[in-house]
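Chains as they are written, first to last, in our numbering: chain A, 268 to 588; chain B, 310 to 671; chain C, 127 to 443.
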Amino acid sequence: MAKVLKDAAEKIDETLFTFAGYDAKDAERSGYSNYSYWRSTWNVFLKNKMALVILILLATVLAFTFVQPYLPQQKLPTLIHNDPETGFQLRNVPPGKEFILGTNSIGQDLWARLWSGTRTSLFIGFVVGLFEAGIGIAIGAIWGYVRWLDRIITEIYNVWDNIPSTVVLVLMTYILRPSLSTLIIAMCITGWLPMAKLIRNLVLIIRDREYNLASRCLGTPTHRIIVKNILPYLVSVIMMRLALAIPYAIGSEVFLTYIGLGLPVDTPSLGNLVNEGRRLMMAPSMRYQLIFPAIMVSVITISFYILGNAFADASDPRNHV
Amino acid sequence: MSKTIEQLRQEYGTREKILTIEDLVVKFSLRGEELTAIRQASLDVYKGESLCIVGESGSGKSVLTKSFMGMLDNNGWIDSGSVLYKEEDLAAYRFERQWMQIRGKEIAMIFQDPMTSLNPLRSVGSQIKEAVELHQDLRGEAAREAVYEILENVGIADPVRRYRQYPFEFSGGMRQRVVIAIAMACKPQILVCDEPTTALDVTIQAQILQLLDKLQKMYDLTVIYITHDLGVVAHVADRVAVMYAGDIIEVGLSEEVFYNPQHPYTMNLLSSLPQLGEKGKDLYAIKGTPPNLFKEIHGDAFAPRNSLALKVDFVHRPPYFTVSPTHKAKTWLLDPRAPKVELPSAIKQLRSKWGDDIVAGS
Amino acid sequence: MPAPEKLLEVKDLSVHFGRGRKKFVAVHKVNFDIFKGETLGLVGESGSGKTTIGRAIVRINPTTDGQILFKGRCISGRIARELDREVTQKIQMIFQDPMASLNERAKVDYIVSEGLYNTKNYTCEEERKEKVTKALLSVGLLPEFATRFPHEFSGGQRQRIGVARSLVMNPELIIADEPISALDVSIRAQVINLMNQLKKDLGLTYLFIAHDLSVVRFISDRVAVIHLGQIVELADTEELYENPVHPYTKGLLSAIPVPNPRVERKRQIHAYDPSMHKYAENPPKWMEIAPRHFVLANEEEMEGYRQNYNHHAKDAI
Numbered sequence: 268m269a270k271v272l273k274d275a276a277e278k279i280d281e282t283l284f285t286f287a288g289y290d291a292k293d294a295e296r297s298g299y300s301n302y303s304y305w306r307s308t309w310n311v312f313l314k315n316k317m318a319l320v321i322l323i324l325l326a327t328v329l330a331f332t333f334v335q336p337y338l339p340q341q342k343l344p345t346l347i348h349n350d351p352e353t354g355f356q357l358r359n360v361p362p363g364k365e366f367i368l369g370t371n372s373i374g375q376d377l378w379a380r381l382w383s384g385t386r387t388s389l390f391i392g393f394v395v396g397l398f399e400a401g402i403g404i405a406i407g408a409i410w411g412y413v414r415w416l417d418r419i420i421t422e423i424y425n426v427w428d429n430i431p432s433t434v435v436l437v438l439m440t441y442i443l444r445p446s447l448s449t450l451i452i453a454m455c456i457t458g459w460l461p462m463a464k465l466i467r468n469l470v471l472i473i474r475d476r477e478y479n480l481a482s483r484c485l486g487t488p489t490h491r492i493i494v495k496n497i498l499p500y501l502v503s504v505i506m507m508r509l510a511l512a513i514p515y516a517i518g519s520e521v522f523l524t525y526i527g528l529g530l531p532v533d534t535p536s537l538g539n540l541v542n543e544g545r546r547l548m549m550a551p552s553m554r555y556q557l558i559f560p561a562i563m564v565s566v567i568t569i570s571f572y573i574l575g576n577a578f579a580d581a582s583d584p585r586n587h588v
Numbered sequence: 310m311s312k313t314i315e316q317l318r319q320e321y322g323t324r325e326k327i328l329t330i331e332d333l334v335v336k337f338s339l340r341g342e343e344l345t346a347i348r349q350a351s352l353d354v355y356k357g358e359s360l361c362i363v364g365e366s367g368s369g370k371s372v373l374t375k376s377f378m379g380m381l382d383n384n385g386w387i388d389s390g391s392v393l394y395k396e397e398d399l400a401a402y403r404f405e406r407q408w409m410q411i412r413g414k415e416i417a418m419i420f421q422d423p424m425t426s427l428n429p430l431r432s433v434g435s436q437i438k439e440a441v442e443l444h445q446d447l448r449g450e451a452a453r454e455a456v457y458e459i460l461e462n463v464g465i466a467d468p469v470r471r472y473r474q475y476p477f478e479f480s481g482g483m484r485q486r487v488v489i490a491i492a493m494a495c496k497p498q499i500l501v502c503d504e505p506t507t508a509l510d511v512t513i514q515a516q517i518l519q520l521l522d523k524l525q526k527m528y529d530l531t532v533i534y535i536t537h538d539l540g541v542v543a544h545v546a547d548r549v550a551v552m553y554a555g556d557i558i559e560v561g562l563s564e565e566v567f568y569n570p571q572h573p574y575t576m577n578l579l580s581s582l583p584q585l586g587e588k589g590k591d592l593y594a595i596k597g598t599p600p601n602l603f604k605e606i607h608g609d610a611f612a613p614r615n616s617l618a619l620k621v622d623f624v625h626r627p628p629y630f631t632v633s634p635t636h637k638a639k640t641w642l643l644d645p646r647a648p649k650v651e652l653p654s655a656i657k658q659l660r661s662k663w664g665d666d667i668v669a670g671s
Numbered sequence: 127m128p129a130p131e132k133l134l135e136v137k138d139l140s141v142h143f144g145r146g147r148k149k150f151v152a153v154h155k156v157n158f159d160i161f162k163g164e165t166l167g168l169v170g171e172s173g174s175g176k177t178t179i180g181r182a183i184v185r186i187n188p189t190t191d192g193q194i195l196f197k198g199r200c201i202s203g204r205i206a207r208e209l210d211r212e213v214t215q216k217i218q219m220i221f222q223d224p225m226a227s228l229n230e231r232a233k234v235d236y237i238v239s240e241g242l243y244n245t246k247n248y249t250c251e252e253e254r255k256e257k258v259t260k261a262l263l264s265v266g267l268l269p270e271f272a273t274r275f276p277h278e279f280s281g282g283q284r285q286r287i288g289v290a291r292s293l294v295m296n297p298e299l300i301i302a303d304e305p306i307s308a309l310d311v312s313i314r315a316q317v318i319n320l321m322n323q324l325k326k327d328l329g330l331t332y333l334f335i336a337h338d339l340s341v342v343r344f345i346s347d348r349v350a351v352i353h354l355g356q357i358v359e360l361a362d363t364e365e366l367y368e369n370p371v372h373p374y375t376k377g378l379l380s381a382i383p384v385p386n387p388r389v390e391r392k393r394q395i396h397a398y399d400p401s402m403h404k405y406a407e408n409p410p411k412w413m414e415i416a417p418r419h420f421v422l423a424n425e426e427e428m429e430g431y432r433q434n435y436n437h438h439a440k441d442a443i
């Protein structure tokens with residue numbers, strides 16, 4: 268056989284031309300990739316600078332909301348401040364040294380009310396959002412996975428979904444007295460429907476994948492297939508829906524309070540603050556009472572939306588390149 | 310009797326090279342890391358031949374062909390090396406309009422799944438006609454006539470009726486014929502077939518291979534097949550290039566590679582085939598899995614899975630050693646200093662029955 | 127030779143999908159037995175109903191008509207809970223695509239233990255871990271892999287995880303649905319060897335479903351050829367490959383590519399045309415042409431097959 272050797276080849280040590288021996292374990296280890304779903308998700312998320320900035324902003328706002336009452340020299344949100352000299356209420360004091368964001372029309376500190384309101388609204392948002400997620404996921408998963416239940420739940424859904432949610436809310440608030448819990452219950456009653464529908468459709472798509480058939484062959488009970496095989500695949504979608512459900516609930520609260528069906532006037536919430544501010548909107552000097560709460564509502568809702576979308580993008584394995 | 314091996318070797322000596330790939334390196338950026346998909350691969354393609362590129366998934370066989378058609382994904386790029394076609398270096402192409410001059414016109418491609426290259430919403434005829442109008446400069450009735458002719462050439466009966474039908478009205482094999490028709494309408498010099506029959510049943514597969522063979526002779530085409538099915542390779546290939554971990558480790562005439570494999574990977578691959586196995590006994594199994602291309606590979610990429618690896622395989626990368634004018638392989642086993650290695654028994658049997666002349670005289 | 131024990135009997139099995147005008151007959155009156163300790167190959171092209179049969183046996187697809195008997199007891203249709211549990215454990219399945227058949231979000235440890243959790247087939251956590259380790263070792267994987275996720279593995283390794291998952295159940299019958307067609311050529315031998323090894327060591331019985339006749343020839347003791355929902359021929363492997371009777375079998379056999387260029391270039395293909403059968407007036411029956419060699423034919427065809435067959439057999443001698 269004719270052989271052509273390159274120069275470099277000739278310099279190689281002769282002793283290397285012996286058998287090296289062979290390790291089956293090494294061969295078995297050779298092909299790994301170190302791909303990790305969550306690490307990749309996080310990496311893609313970090314690349315989205317806008318989302319990162321917003322994440323920091325939102326985290327700061329949330330943290331401050333809870334820390335604020337414990338800071339020194341904070342005023343109570345419901346305390347009405349009087350002028351010590353005249354005894355009159357310090358109404359509509361513009362933002363300044365004493366009252367950072369001014370006072371409202373009966374002399375309460377707007378700064379304290381704003382943070383207190385944000386706390387209330389976030390509480391509503393999280394409770395409603397989590398409830399929607401919990402009920403929506405549970406019902407949606409059963410709806411999509413258990414075939415013979417599909418017809419029944421679909422019919423129930425169709426009836427329920429055709430009742431306008433505003434009507435339900437109006438009825439609820441009239442039957443029960445307006446209060447925080449009334450509002451939350453009212454919002455929860457209809458809120459889980461879209462979530463359940465979404466989960467059901469997604470479950471339908473993946474329920475007959477081979478790995479689920481494999482689990483059925485092994486006799487895995489339905490509840491464990493749902494919890495172990497199906498829901499983990501939906502985490503990204505669920506997280507996004509949740510991130511969107513929170514600002515939606517805050518927005519509804521603002522809307523309901525604004526049309527007079529929401530929280531009682533004495534409970535500071537972003538809805539009540541916006542509503543109060545709206546009444547004074549026409550006077551330019553008092554417009555700050557609307558602007559500050561409105562900014563807060565916008566910041567929170569927009570941030571959640573952007574973060575939800577960024578997270579959904581990041582958690583899509585197709586973007587992990 | 311077909312041509313002897315000597316005749317084939319001589320014939321290749323006079324053939325004209327149509328495409329020359331030299332030291333090509335293709336990299337991808339994936340999840341923030343760099344992956345070297347093609348590691349300094351070199352390959353000559355001769356005019357009018359059918360060349361099979363064999364390799365497993367991840368060996369880079371598809372990437373190699375995509376790199377000279379400007380079809381690399383957005384996260385991939387040619388890092389170094391050259392691809393010469395008609396005195397142009399395709400590796401230096403940067404813009405889509407440059408590739409437009411090559412893709413389809415000069416080099417066309419057929420994919421595994423015909424549906425990915427057909428538009429489900431347009432009739433089959435209009436899709437072929439578009440290619441005819443673009444590449445043959447025919448219009449209206451003349452273009453339509455040309456489409457009928459092409460349809461008949463690819464074995465679709467009743468072209469007038471079929472012209473108006475949509476892809477979903479065709480079976481898998483027929484769709485693949487349509488895809489071939491579109492490729493042929495561009496009158497390419499080189500046709501790249503990426504696993505053209507993998508998705509088809511064996512009986513249909515045979516028909517498609519026959520068709521490609523007929524078209525090759527009709528138009529004096531150069532056909533590059535990409536496949537992992539060594540049965541298909543044996544059927545269609547004049548020459549075989551074996552890829553492993555982004556490099557072409559052995560290339561030779563089909564007879565040379567099948568009856569006289571030199572690289573341990575080629576030997577192992579052949580002897581692991583159930584067709585060559587002895588029933589009741591274990592098949593020869595290649596251990597482990599292909600290497601991770603994110604990591605830098607030292608020496609021979611196959612060494613960790615090779616039970617007969619030499620120490621040098623782990624240190625130095627082997628150059629090509631020439632076995633015959635048409636056959637070369639990258640393995641240190643061909644170095645004069647290397648110990649002699651017995652061929653696996655399955656290959657010995659295959660050779661003694663069919664290919665004794667391949668090694669005779671050397 | 128004593129009569130081998132029938133592990134599984136399939137009697138007049140039919141599976142239809144949909145109803146009314148959308149009705150689709152996937153499997154039509156199929157009969158075959160699987161004997162204990164053998165590998166029965168079931169070969170057919172896509173859409174032939176071979177996967178449907180496999181899934182009917184593991185009861186993922188409901189049957190429309192006919193019976194499936196496991197050790198003499200009917201396991202199709204509604205069955206008692208006790209039997210259901212037993213059958214779930216004794217009949218296991220290996221799937222085609224190792225990329226799709228493993229739960230990507232669970233660790234290998236859970237995937238392999240899944241069957242154990244279901245049958246509570248262990249007394250303590252340690253015993254479960256031991257069983258997982260044993261199963262992984264028996265398919266040639268390292269025990270340390272248990273803590274990893276499936277996406278870290280290559281196709282062949284993943285398929286072996288799939289095998290390990292069914293092995294922990296101590297099955298008797300394994301339905302292997304195209305277990306190697308999605309794997310790379312260099313990996314296939316690993317899985318074939320593994321299956322043969324386990325058959326020897328554990329006395330397993332396989333129904334090996336595939337479209338690749340060369341693999342089936344290597345691994346099966348007997349082979350059934352299925353075409354459009356009907357089994358057209360069934361015989362011992364070598365008998366079927368040497369003396370195929372049904373024209374469809376002949377066509378299929380002639381179409382297998384062989385990895386040998388000089389043979390392959392000369393290969394002739396027999397095309398099969400279903401319209402050659404005149405079954406409208408004379409419907410086919412399932413008949414034995416030679417001992418243990420069955421074919422689907424009507425009397426008229428059978429005569430022709432017989433003559434040809436005897437000719438061929440003489441030539442062989």
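All C-beta atoms in this analysis are idealised placements derived from N, C-alpha and C, irrespective of residue type, glycine included.
Beta-carbon neighbours of V184 of chain C, restricted to chain B and to distances below 9 Å: Residues of chain B passing the Cβ test: none, with the nearest at roughly 25 Å.
Cβ of G144 of chain C within 9 Å of any chain A Cβ: no
Residues bridged to S389 of chain B [DSSP beta-bridge criterion]: B:V334
Cutoff 9 Å: R391 of chain C Cβ touching any chain A Cβ: no
Interface residues of chain B facing S280 of chain C [CB-CB closer than 9 Å]: G367, G597, T598 and P599
Where the beta strand (DSSP E) through H353 of chain C begins and ends: R348 to H353
As assigned by DSSP and simplified to three states, the class of I327 of chain B: strand
Assigned exposure category for T177 of chain C - 16 Cβ within 10 Å defines buried: buried
Burial state of Q433 of chain C (16 or more Cβ within 10 Å): exposed
Alpha helix (DSSP H) segments (min. 4 residues) lying fully within the segment 456-486 of chain B: 468-472
Three-state secondary structure assigned by DSSP to L344 of chain B: strand
Within chain B, the residues that L378 of chain C reaches when beta carbons sit closer than 8 Å: V511 and T512
The alpha helix (DSSP H) enclosing H625 of chain B, as first and last residue numbers: Premise fails: H625 of chain B is in no alpha helix (DSSP H) and is neither H nor E.
N349 of chain A (DSSP reduced to helix, strand or coil): strand
DSSP bridge partner residues for W408 of chain B (one or two, in chain order): For W408 of chain B, which the question treats as bridged, DSSP gives no partner whatsoever.
Chain B within 9 Å of L319 of chain A, Cβ atoms only: no
Beta carbon proximity, T487 of chain A to chain C, threshold 9 Å: yes
Status (buried if at least 16 other CB within 10 Å, exposed otherwise) for P351 of chain A: exposed
Collapsed DSSP secondary structure at M549 of chain A in the structure displayed: coil
Against chain E: residues of the segment 225-242 of chain C by CB proximity under 8 Å: Going by chain labels, chain E is absent from the structure shown, which instead holds the protein chains A, B and C.
Test: E477 of chain A CB closer than 9 Å to a CB of chain B: no
Interface partners of F567 of chain B on chain C, CB under 9 Å: P385, N386, P387 and R388
Through-space distance from V334 of chain A to N349 of chain A, alpha-carbon basis: 26 Å
D538 of chain B: contacting residues in chain C (beta-carbon distance under 8 Å): V311 and P383
Three-state secondary structure (DSSP) of A550 of chain B: strand
Proximity to G374 of chain A [Cα-Cα], best of A:I492, A:V360, A:R491 and A:I452: A:V360
The segment 399-409 of chain A contacting the segment 453-468 of chain A, beta-carbon criterion three pairs below 8 Å: yes
N- and C-terminal bounds of the alpha helix (DSSP H) containing E564 of chain B: S563 to Y568
I533 of chain B - partner residues in DSSP beta bridges: B:L360 and B:V501
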